[in-house]
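Chemist: The sequence shown maps to residues -11 to 743 in this note's numbering. In this text, a Cβ means the ideal position worked out from N, Cα and C, and glycines have one as well. If you're wondering where the values come from, they're calculated on a predicted model, not measured in any experiment. Dropping the structure in here first, questions after.
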Amino acid sequence: MNVKTLLILLVLALATIFALVCVLLTRERAPGVCPQQPPEQEEEDDGADERSLVFADLSAEELAQVVRYLQEKLGVPLVEASRALPSDNCISWVDVQLPGKAEVLRFLDGGGARPAREALAVLYLGGQAEPNVTEYVVGPLPAPTYHRDVTVRKYGGKVPYHRRPTLAVEYEQAAEFLRSQVFPTAPSFMRQVIEYNETNLAFVTAAPRGFQSGDRTTWFVLFQNVSGFFLHPVGLEVQVDHSSLDISQWAVSRVFYNGQYYRDMAQLEGAYVQGRLSVEKVKKVPWDGDFSSMKPRAAPAAMSPVQYEPQGPRYSIRKNHVVFLAWSFAFGMSVSRGMRLFDIRYRGERIAYEISVQEALSVYGSNCPGGMSTRYMDGSFGIGRFSSPLVRGVDCPYSATYVDMNYLAQSHVSRIVKNALCIFEQNLGSPLRRHYSNLQSSYYGGLANSALVARSITALGNYDYVWDFIFYQTGAIEAKVQATGYMSSSFFHGDGLRYGNRVWEHTLGTIHTHSINYKVDLDVGGVQNSLVAHDMAFEMARAPWSPEQQMERPRLTKKVLDTEDQAAFRHQSKMPRYIFFAANGKNKWGHQRGYRIQLVSFAGEHMPETSPMERAISWARYKLAVTKRKEGEPTSTSVYNQNDPWTPTVAFADFINNETITNEDLVAWITTGFLHIPHSEDLPNTVTVGNSVGFLLRPYNYYDLDPSIYSQDGVFFTGEQDSTSCKVNSVACLPKRAACLPTFPPFTYDGFRNM
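If you want it as structure tokens, here you go:
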């Protein structure tokens, strides 16, 4: 065997050995299937999830029992709301009736009896001698035997019928009134200018509905009935008086077209036929909406990054109870107010009894009647009811846990919103804290910012609100809302540029404000808290080492806010930069344990208080108001304020009456928001970037040091250590520990079923 042959065999042998090594290495790193079970959580009371059911939403079975009981025991005939005339009696909605806080705390903490399970049923009684809205508490569930009228106790009197939120069927009846009785009175105009064919128009309504209590006159703004129709106004708006309970008595109050007002459609028709009408004919667009279509203009390419849990989720959900590392809380979904959290604890200590959305307000400007009279109070329409089915991988991470919601509104049968809520842990892609040192000593210490997110998304007409509650490993909680969806537009004419930006040929993006109100019932170190403000001021001082020299130095200022008046900070007023709920106890260093409220807001101007409807939205006067907690003040507003803001059923301004708030059970009412001046980049619709506001609740001397130092995610190594060793640095183990592929469930979506 010659040397050449030996060399060839040696090369082949080395190649074989190298290939075997590669195979072995590949097998060692070969992706497997990630475990689906979460690792062990910190110790949690086994009965906590059962006790959390005191806050749980009503089940489909419970809702059915309530309806059946009302049908049999109320003593008045009930018509299905989807078919009801204004003169009928019907069930508007049913929700859980939460027990009083003191009773719940005795149950949760003191071994007290479980509170009775009850429902709140809201009925429209149009068939009575004195039509009204009545609220009944029905219980006990699941087999009710009693009902009691709580309307007068809650509101100080009966709720007049004209204040009732508008049912979907009433909109349908108004639309039929326009189709069958109004539009036919202007046949030439509707056919030749609008090109109306009975199916190609959609409408949006303004609210509130008039100028004084008792009014129920609504502007119907007409659009081309295409995808994204909110951006396609045709210039025609019709005001309908639908205050009568007899639909045959409904009438047109005014008509608006292209900057001009008319008594009715017949007068508009006359002006058109006689050539006295300034016509601005709108080009018809295809069904997909053309520029308003959300269909991507690019084909799919490489997929975007996906997060997953290589060792399974680190949170658990049992019924309505969530545990994540040191956090635990109960969740629910109010029909009118949306997502809410209860009994929020960190390391076993209750931080807050309740954090909930209260209201979402939009105030519009325009030179068209519908736009200029719009002040939407979304709770009246149903922030929870219009929770949107979440799309896996877009609305929430693909691997998030999705929760369905049962609700009953405007029907005798409950409905289910699939994937109404999602819960997931998210690595936010930045360090929660870190430090690199090469001075004196060499080391690195850091912690990835991984947090739990509970999310729902509401689709209220044109707007979509993304509601987040975020739980950080520092003991901080963030409430955040992001706005997206379509802008609400007006027909561009005349001096429209005073009220927004022109975004298409006939489309004016109208200026408007968004204001979001939250209720935050903090229990910091117990129920009794005080409100304390810390801030800074500069003082002049002589340098001790050089007395002839002066210097300015910042110093700490402290103040206890003793009364509700002192704790109510109006929209444009100066507020202390550190304001916190203080406990009676102190930390290791002698400071009052506290939780700080930190606002993130870019709010526009609040409506002038001289406005006759301002009291209905008086919560928006204040970016922060802290009041003594009362069972008789459960919410900052009422669903009945939308259709009668001139005599509000609940006026938040009345909550603030200079009561003492030292060592009391306190509630913070937080308002955050932003001004939106729509622009061309809001087409086809508004993005969430830059349209995010909210607040944080952060520990302030509550702990002796940052509790996240106890996180198992922490990383620390010195210059003398081997940072690639798993024993030294857990992140170094990632290539091995994360050598698995997640089992993603198949994509499904039920958002268009049973609409």
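Ignore the nearest five residues each way along the sequence and tell me which others in F374's own chain have a CB closer than 8 Å to its CB.
Modeler: Here residue 374 is taken as the residue at index 386 of the sequence shown, counted from 1. The answer, listed in chain order, is T446, A447, L448.
Chemist: Taking the straight line between their C-alpha atoms, what separation do you get for G372 and A397?
Modeler: Counted from its first residue, the sequence shown places residue 372 at position 384. Counted from its first residue, the sequence shown places residue 397 at position 409. Distance between the alpha carbons of G372 and A397: 11 Å.
Chemist: So which of S354, P385, R422 has the shortest CA-CA distance to L409?
Modeler: Counting from one through the sequence shown, the residue named residue 409 turns up at place 421. Of the candidates S354, P385, R422, the one whose C-alpha sits nearest the C-alpha of L409 is P385.
Chemist: What runs of the alpha helix (DSSP H), each 4 residues or longer, lie entirely inside the stretch 75 to 126?
Modeler: Listed in chain order, they are 89 to 97.
Chemist: Considering only their Cβ atoms, is the gap separating Q346 from S589 smaller than 8 Å?
Modeler: Residue 589 sits at position 601 when you count from the first residue of the sequence shown. Residue 346 sits at position 358 when you count from the first residue of the sequence shown. Result no, Cβ atoms of S589 and Q346 do not sit closer than 8 Å.
Chemist: Suppose you measure from the CA of S368 to the CA of S430; what does that come to, to the nearest Å?
Modeler: For the purposes of this step, residue 368 is identified with residue 380 of the sequence shown, where counting begins at 1. For the purposes of this step, residue 430 is identified with residue 442 of the sequence shown, where counting begins at 1. If I take the Cα positions, the gap works out to 60 Å.
Chemist: Would you kindly check if the distance between the Cβ of P196 and the Cβ of R363 is under 8 Å?
Modeler: The count along the sequence shown starts at 1 and reaches residue 363 at position 375. The count along the sequence shown starts at 1 and reaches residue 196 at position 208. Going by C-beta atoms, R363 is nearer than 8 Å to P196.
Chemist: For P27, is the classification buried or exposed, using 16 other Cβ atoms within 10 angstroms of its Cβ as the cut-off for buried?
Modeler: Your numbering for residue 27 matches position 39 in the sequence shown. Unreliable placement is indicated for P27, whose pLDDT of 43 sits below 50; no coordinate value is reported for it.
Chemist: For W207, is the classification buried or exposed, using 16 other Cβ atoms within 10 angstroms of its Cβ as the cut-off for buried?
Modeler: Here residue 207 refers to the residue found at position 219 when the sequence shown is read from its first residue. With 16 or more Cβ atoms within 10 Å of its Cβ, W207 is classed as buried.
Chemist: Using 8 Å as the threshold, is the C-beta distance between R64 and N77 below it?
Modeler: The residue labelled residue 64 in the question sits at position 76 within the sequence shown. The residue labelled residue 77 in the question sits at position 89 within the sequence shown. Per the sequence shown, residue 64 should be read as Val rather than Arg. Yes, these two residues count as a Cβ contact at 8 Å.
Chemist: Can you say whether F6 is buried or exposed, counting buried as having 16 or more other CB atoms within 10 angstroms of its CB?
Modeler: In the sequence shown, counting from the first residue as 1, residue 6 sits at position 18. Per-residue confidence for F6 stands at a pLDDT of 40, beneath the threshold of 50, marking its modelled position as unreliable; no derived number is given.
Chemist: According to DSSP, simplified to helix, strand and coil, what is T736?
Modeler: Residue mapping note: residue 736 aligns to position 748 of the sequence shown, counting from 1. Residue state, collapsed to three classes: coil.
Chemist: Determine the burial state of H220: buried for a count of at least 16 other Cβ atoms within 10 Å of its Cβ, exposed for fewer.
Modeler: Within the sequence shown, the letter at position 232 stands for residue 220. It is buried - the Cβ of H220 has at least 16 other Cβ atoms within 10 Å.
Chemist: Please report the straight-line C-alpha distance between A439 and T462, rounded to a whole angstrom.
Modeler: As a first step, residue 439 is located in the sequence shown; it is residue number 451 there, counting from the start. As a first step, residue 462 is located in the sequence shown; it is residue number 474 there, counting from the start. Taking the straight line joining both Cα atoms gives about 10 Å.
Chemist: Mind checking N246: buried by the 16 CB within 10 Å criterion, or exposed?
Modeler: Working through the sequence shown from its first residue, we reach residue 246 at position 258. Flag for N246 reads buried.
Chemist: So for W207, helix, strand or coil by DSSP?
Modeler: Here residue 207 is taken as the residue at index 219 of the sequence shown, counted from 1. In this structure, W207 counts as strand in the three-state DSSP scheme.
Chemist: For M253, which residues from the same chain have a beta carbon less than 6 Å from its beta carbon, with the 5 sequence-adjacent residues on both sides left out?
Modeler: Your numbering for residue 253 matches position 265 in the sequence shown. Excluding positions up to five away in sequence, the list reads V170, T173, A174, V243.
Chemist: Between which residues of its own chain and N645 is the CB-CB distance below 7 Å, once the five residues before and five after are set aside?
Modeler: Along the sequence shown, one-based indexing puts residue 645 at 657. Once the five neighbours on either side are set aside, the close Cβ partners of N645 are E552.
Chemist: Would DSSP call A174 helix, strand or coil?
Modeler: For the purposes of this step, residue 174 is taken as the residue at position 186 of the sequence shown. Coil.
Chemist: Quick check on this structure: which residue in Q85, E158, A314, N120 has the alpha carbon closest to the alpha carbon of P128?
Modeler: Position 140 of the sequence shown, counted from the first residue, corresponds to residue 128. Of the candidates Q85, E158, A314, N120, the one whose C-alpha sits nearest the C-alpha of P128 is Q85.
Chemist: Does K507 come out as helix, strand or coil in the three-state DSSP assignment?
Modeler: Taking the first residue of the sequence shown as 1, we reach residue 507 at position 519. Note: K507 maps to strand in three-state DSSP.
Chemist: Measuring only the C-alpha atoms, how far is K616 from F640?
Modeler: Sequence index remark: in the sequence shown, residue 616 carries index 628 (1-based). Sequence index remark: in the sequence shown, residue 640 carries index 652 (1-based). Their backbone Cα atoms lie some 13 Å apart in a straight line.
Chemist: Taking 6 Å as the limit between beta carbons, can you name the residues of its chain near A48, skipping five residues before and five after?
Modeler: As a working note, residue 48 is residue 60 in the sequence shown. The answer, listed in chain order, is N394, S402.
Chemist: In or out: V222 buried (at least 16 other Cβ within 10 Å) or exposed?
Modeler: Taking the first residue of the sequence shown as position 1, residue 222 is located at position 234. Buried, since its Cβ has 16 or more Cβ neighbours within 10 Å.
Chemist: By alpha-carbon positions, which one of E669, V310, R94, K576 ends up nearest to D694?
Modeler: To locate residue 694, count along the sequence shown from 1; it is residue 706. Nearest option by C-alpha distance: K576.
Chemist: Keeping to the same chain, check which residues put their C-beta closer than 7 Å to that of K468; ignore five residues upstream and five downstream.
Modeler: Within the sequence shown, residue 468 is the residue found at index 480, counting from 1. So the qualifying residues of the chain are D456, I458, S680, G682.
Chemist: DSSP state of K61, grouped into three classes?
Modeler: Against the sequence shown, residue 61 aligns to sequence position 73. If DSSP states are grouped into helix, strand and coil, K61 belongs with the helices.
Chemist: Using 8 Å as the threshold, is the C-beta distance between Y583 and R421 below it?
Modeler: As a first step, residue 583 must be located in the sequence shown, where it is residue number 595. As a first step, residue 421 must be located in the sequence shown, where it is residue number 433. Not in contact: Y583 and R421 (Cβ atoms no closer than 8 Å).
Chemist: By the 10 Å Cβ neighbour count, where 16 or more other Cβ atoms means buried, how is P377 classified, buried or exposed?
Modeler: Taking the sequence shown and counting its residues from 1, one reaches residue 377 at position 389. Classification for P377: buried.
Chemist: How many Å lie between M475 and D366 at the Cα?
Modeler: Counting from 1 along the sequence shown, the entry for residue 475 is found at position 487. Counting from 1 along the sequence shown, the entry for residue 366 is found at position 378. About 15 Å.
Chemist: Express the C-alpha separation of A314 and E30 in angstroms, rounding to a whole number.
Modeler: Counting from one through the sequence shown, the residue named residue 30 turns up at place 42. Counting from one through the sequence shown, the residue named residue 314 turns up at place 326. For E30, the predicted structure reports a pLDDT of 45, less than 50, and the residue's modelled location is therefore unreliable. The matter cannot be settled from this model.
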